[in-house]
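Visitor:
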Amino acid sequence: MGNKANLIFLWAILVSVMAMATQHRPFQRTKGINGLEKIIVRDPRGQSFEVYLYGGQVTSWKNEKGEELLFMSTKAIFEPPTPIRGGIPVLFPQYANTGPLPSHGFVRQRFWKIDANPPPLPSHPSSTAHIDLILKSSEADLKIWPHKFVYRLRVALGHGGDLTLTSRIRNSDVKPFNFTFGLHPYFSVSDISQIQVEGLQNLDYLDQLKNRTRFTDHGKFITFNSQDSKQDQNHGPQEKKTIVVRKEGQADAVVWNSWDKKVVDLGVEDYRRFVAVEPVEVEKPIILKPGQEWKAIFQVSVVPSGCSRKSCIPHT
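With mature numbering (1 follows the signal peptide of the UniProt record, and there is no 0) applied, the sequence shown covers -21 to -1, 1 to 295.
(1) Pick from Ala108, Asp249, Tyr250, Gly161: whose alpha carbon is nearest that of Asp231?
(2) Considering Cα atoms alone, identify which of Lys17, Ile56, Gln73 is closest to Pro264.
(3) Thinking Val224 and Ile201 are a contact (beta carbons under 8 Å), I'd like their distance in whole angstroms, please.
(4) Tell me the start and end of each unbroken beta strand (DSSP E) in the stretch 23 to 65 that is at least 3 residues and wholly inside, in chain order.
(5) Measuring CB to CB, does Lys10 end up less than 8 Å from Leu32?
(6) Could you check whether Ile93 and Val30 sit closer than 8 Å to each other, using their CB atoms as the reference points?
(7) How would you call Arg24, buried or exposed, if buried means at least 16 neighbouring beta carbons within 10 angstroms?
(8) Restricting to Cα atoms, I'd like to know which of Trp91, Ile123, Leu100, Ser106 is closest to Lys115.
(9) Per DSSP, which one or two residues make a beta bridge with His109?
(10) Which same chain residues, not among the five before or five after Tyr165, have their C-beta less than 7 Å away from its C-beta?
(11) To which residues of the same chain is Thr221 closer than 8 Å at the C-beta, ignoring the five residues directly before and after it?
(12) Look at the Cβ atom of Glu272, then the Cβ atom of Arg87, and state whether they are nearer than 8 Å.
(13) What is the DSSP secondary structure of Tyr74, reduced to helix, strand or coil?
(14) Is the separation between the beta-carbon of Ile12 and that of Phe57 shorter than 8 Å?
(15) For Ala95, which option in Arg131, Val247, Val242, Val233 has the closest C-alpha, if you only look at C-alpha atoms?
(16) With DSSP as the reference, label Ile171 as helix, strand or coil.
(17) Which residues does DSSP pair with Thr145 in a beta bridge?
(18) Using only CA atoms, which one of Ala55, Pro98, Asn157 lies nearest to Asp249?
(19) Three-state secondary structure (DSSP) at Arg89?
(20) If we count the other Cβ atoms within 10 Å of its Cβ and call it buried at 16 or more, is Glu118 buried or exposed?
(21) Can you name the residues that DSSP bridges to Lys115?
(22) Quick one: residues in its chain with C-beta nearer than 7 Å to the C-beta of Ser167, no 5 flanking neighbours on either side, listed in chain order?
(23) Name, in chain order, the residues that DSSP records as bridge partners for Leu162.
(24) What does the alpha-carbon distance come out to for the pair Asn157 and Lys44?
This is the structure we're talking about:
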């Protein structure tokens, strides 16, 4: 009887360990397009995301039904040093062409590493799986932008299928530096002319098509019928169809679609299938003192059509 009890006890321990392993399912490291390394993270419900080490770029986010929620260009080029068109590019240390660096900075064209021992970061209470990446300034980077930095990026899945990107940028130099920042998520849509973006009413915006002239948006929502690029201050936009965007640490937002403008790495009809709603910090550059760290959180989730904002936005 004693042996049987011991066996039962050992079996209980084994079951417990197996359950923990299921809850903390390891990521899969594999080869993607053109042999570029990518990480695939899945949770027990079948929700997943993929992130390439080149650019630290999320290129896929799927719900439990396997439906793709991010857009990738049909002509995306997976050949460094060309940036990857689609998914969620990371834009640092310069957003767009607002400074002396190449447009959108250079970290989207660098090879990131898996961060095996990141500093403590409180996880979202409903987080089920995540991966930590890290990028440190190289000697080549210092020739372009003479400031040492460490960029840590956590990509996480929540129980409800939400995707959260947490950026932590530390000044590892001996002098202060400033930067602008953005994430450039391409959300997949069935028809750009049929969607609308809500939550920007009565906010100031800069119209990129009119030399960044400042206007105030008095409409209840934004629709798309020509090349659009509006940069709004101090609000996180929400896309009416099913997507909710939340952000912390980034005061500005950009809403963009290329419309039928010819872009080398974008298919002729691709513009119909995406909208970009970007959390950015560009109007007032961030200033970091030596040793100081800046943090920004970007969370996106899909909610049932027709939900009210208060009842459908996930709680953090």
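Each residue gets a CB set at the ideal place from its N, CA and C atoms; glycine is no exception. As the structure is a computational prediction, the values presented were derived from the model and not from experiment.
Guide: Reading it off the structure:
(1) Gly161
(2) Gln73
(3) So it is not a contact: roughly 13 Å between Cβ atoms.
(4) 27 to 31, 36 to 41
(5) no
(6) no
(7) exposed
(8) Comparing Cα-Cα distances from Lys115 to each of Trp91, Ile123, Leu100, Ser106, the minimum goes to Trp91.
(9) Ala135
(10) Leu49, Phe50, Gly65, Gly66, Phe253, Ala255
(11) Val281, Val282, Pro283, Ser284
(12) no
(13) Looking at Tyr74 - three-state DSSP - the assignment turns out to be coil, as it is neither helix nor strand.
(14) yes
(15) Arg131
(16) helix
(17) Arg133, Ile276
(18) Ala55
(19) Here Arg89 sits in coil by DSSP.
(20) exposed
(21) Val129
(22) The answer, listed in chain order, is Glu47, Leu48, Leu49, Phe50, Arg252, Phe253.
(23) Val69
(24) 42 Å
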